[in-house]
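Worksheet: one structure, shown below.
There are 2 protein chains.
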Amino acid sequence: MDKVLKNDHSEETLFEVAEFFKVLGDPTRIKIVSALFENGELCVNDIVNLVDVSRTAVSHQLRILKDKRIISYRKDGQMKFYHLDDAHVEVIVLLTITHLSHH
Amino acid sequence: MDKVLKNDHSEETLFEVAEFFKVLGDPTRIKIVSALFENGELCVNDIVNLVDVSRTAVSHQLRILKDKRIISYRKDGQMKFYHLDDAHVEVIVLLTITHLSHH
DNA sequence: TCAATATGTGAACACTTGCTCACTTATTAA
DNA sequence: TTAATAAGTGAGCAAGTGTTCACATATTGA
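In the order they appear, the protein sequences are chains A and B.
If you count the first sequence from 1, you need to add 1159 to reach our numbering.
If you count the second sequence from 1, you need to add 1159 to reach our numbering.
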């Protein structure tokens, strides 16, 4: 009997997985995400100081992370406090750090 | 006492994490990786048939995955059998699929 | 109302990326 | 040795991406 090749995950699921990884696959965005799960909640200015990228560039990247539902924010006066939208993201990133440290 | 902002993970570690996610953040490469953990081991021709991308494009992507130590291969005659280099990758991808399914 | 502070937006541009095309290398069978 | 099969490589190019610059919006305090 011939070996049957499997392709269990649908094209669409895998495309979404790729989209998710692509968003985390940028140095500025992963630094923002890391800063957020280290600190819980940060305003834009705190993020700018922690990740050492221009304020404008941070704004653009925050939008991408927000559109992909990786982060969201709470508004307080003229400030916006961003936080991770889902604890899964932290688990995935930490697991990846563990994985890479074994190389 | 002022809140102290944390940035625990080094710039370099986070850069490597971003590099890793960037490699998985492409539809062709994630399809290859998925096909490999569904099937254990595949020759290039099997991969071409499963992911529905040209043979040449698959070759280019296999090289990127190999360079990043995500896959490796066993040579048998004129064929090369590729497989995942580390079980962590499967765990990370499956965890991500679970995460996305909760959205 | 006016100025200051906090954040966001859109266009432009250099840089990167993934594909195709033409060609090459390696192995096996005739 | 020749032809066929399996796989890889490098150049070229269209499409995508991340940053900067100039400008816009929103909120607060004087």
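Note that the Cβ used here is the ideal one computed from N, Cα and C, for glycine as well.
Predicted model only: the values in this text are computed from it and were never measured.
Distance between beta carbons of residue j and residue i, contact taken as under 8 Å
i: V1176(A); j: V1203(B); result: With a Cβ gap of about 23 Å, V1176(A) and V1203(B) do not count as contacting.
i: H1242(B); j: G1199(B); result: 6 Å
i: L1254(B); j: L1201(A); result: Their Cβ separation, rounded to whole angstroms, is 25 Å, which puts L1254(B) and L1201(A) out of contact at 8 Å.
i: K1181(B); j: G1184(A); result: 3 Å
Reduced DSSP secondary structure (H/G/I, E/B, other) of residue i
i: R1188(B); result: helix
i: D1235(B); result: strand
i: H1242(A); result: strand
i: L1164(B); result: coil
i: I1229(A); result: coil
Option nearest residue i by Cα separation, candidates the options
i: I1230(A); options: Q1237(A), D1244(A), H1262(A); result: D1244(A)
i: L1195(A); options: K1225(A), F1180(A), F1174(A), F1179(A); result: K1225(A)
i: H1258(B); options: E1249(A), I1256(A), L1259(A); result: E1249(A)
i: R1228(B); options: F1240(A), V1207(A), H1262(A); result: H1262(A)
i: I1256(B); options: N1166(A), T1215(A), F1174(A), K1165(A); result: F1174(A)
i: D1205(B); options: N1166(B), V1163(B), F1240(B); result: F1240(B)
i: E1197(B); options: N1166(A), F1180(A), M1238(A), R1233(A); result: N1166(A)
i: A1216(A); options: P1186(A), Q1237(A), E1178(A); result: P1186(A)
Do the segment 1220-1229 of chain B and the segment 1190-1200 of chain B meet, that is, are 3 or more Cβ pairs less than 8 Å apart? yes
Three or more C-beta pairs closer than 8 Å, one from the segment 1196-1211 of chain A and one from the segment 1164-1172 of chain B: is that the case here? yes
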